[in-house]
Amino acid sequence: MIDWHCHLLPGLDDGAADPDESVAMARCLYAAGYREVYCTPHQLKGGYEAGNEEVLAALSGVQAALDREGVGIRLLAGREYYLDEYLLDCLADPLPLGDSRCLLIELPHRVAHREMVKQTLFRVVSAGFTPVIAHPERSPSLEVSQSGHGRRTGILGRLFNAGRSDDGATYIPSNLLAYLMELGCGFQGNVGSLRGYYGGTVRRQAEFMRAMRLYDRMGSDLHSSQHAGLILGDSAQGR
753 MIDWHCHLLP
763 GLDDGAADPD
773 ESVAMARCLY
783 AAGYREVYCT
793 PHQLKGGYEA
803 GNEEVLAALS
813 GVQAALDREG
823 VGIRLLAGRE
833 YYLDEYLLDC
843 LADPLPLGDS
853 RCLLIELPHR
863 VAHREMVKQT
873 LFRVVSAGFT
883 PVIAHPERSP
893 SLEVSQSGHG
903 RRTGILGRLF
913 NAGRSDDGAT
923 YIPSNLLAYL
933 MELGCGFQGN
943 VGSLRGYYGG
953 TVRRQAEFMR
963 AMRLYDRMGS
973 DLHSSQHAGL
983 ILGDSAQGR
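First residue of the sequence shown: 753, per my numbering; consecutive thereafter.
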């Protein structure tokens, strides 16, 4: 399995504090069945601003430690870019997911930022990159509602009719989510969301998004080994 979103690298953000914790997290991921892990530390102006060189150096160091310890996980580079007024500056020297042109992007929580989100992601796409929206189920502005009545027509209809469940329910994206789907964004779900780690509301949204086949990749969003069992299941802790 591939983990597309993980805060495994030490000392760069609010993830692993040191190399020992990085190895402990990797052991949990390996026990849960992961064999490739994208290391995606936060990029947030005024908060977490490690350079790409620091990310790559940390990745190399942790990979060497995993190889020595016999933990069979391959680490790949990336960032989790926060969408703010500084995001476009990062396009001059981005660190995409692996060898792709995909950028993992976290949206601002406030619904009031919808227009900024649209305009910024349009410019990201125009620059030749594919935004991958991190854990959309946790963003109130990307809410999905469920309806059991009929089929819609027009643009919104094309977007959610294909996601009808076997019992005839349809899943209706918010206007912003519909726009991002039309724009060609990818969507990365958190496995912990489906397990209820972030609460019932987020879990329900994750179930809707999975049912409408929104997700094109999943990630642990793991920040420490302490919560690995809750996020990944008992197998992550050897049970």
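The C-beta atom is built at its ideal place from N, Cα and C for all residues, glycine as well.
How would you call residue i, buried or exposed, if buried means at least 16 neighbouring beta carbons within 10 angstroms?
i	result
D845	exposed
H861	exposed
Q978	exposed
S945	buried
D772	exposed
T953	exposed
D819	exposed
E832	buried
A879	exposed
State the beta-bridge partners of residue i as determined by DSSP.
i	result
L818	None, per the DSSP bridge assignment.
N942	G971
C758	C791 and L974
E858	Y834
A886	Q940
P892	P892 is not bridged to any residue.
Between which residues of its own chain and residue i is the CB-CB distance below 6 Å, once the five residues before and five after are set aside?
i	result
Y949	L982 and I983
P848	C854 and L855
Excluding the 5 residues flanking residue i on each side, which residues of the same chain have their C-beta closer than 8 Å to its C-beta?
i	result
F874	L935
G785	M753 and S987
G938	C854, T882, P883, V884, I885, D968 and R969
P892	H861 and V863
Excluding the 5 residues preceding and the 5 following residue i in the sequence, name in chain order all residues of the same chain whose CB lies nearer than 7 Å to its CB.
i	result
L761	G767, A768, S774, C791, P793, V807, A810, L811 and V814
Check your understanding: Fully enclosed by the region 764-838, which beta strand (DSSP E) runs are 3 residues long or longer?
Key -> 788-791, 826-829 and 832-834
Point to revise | Cβ contact check for the region 887-896 and the region 848-855: 3 or more pairs under 8 Å | key: no
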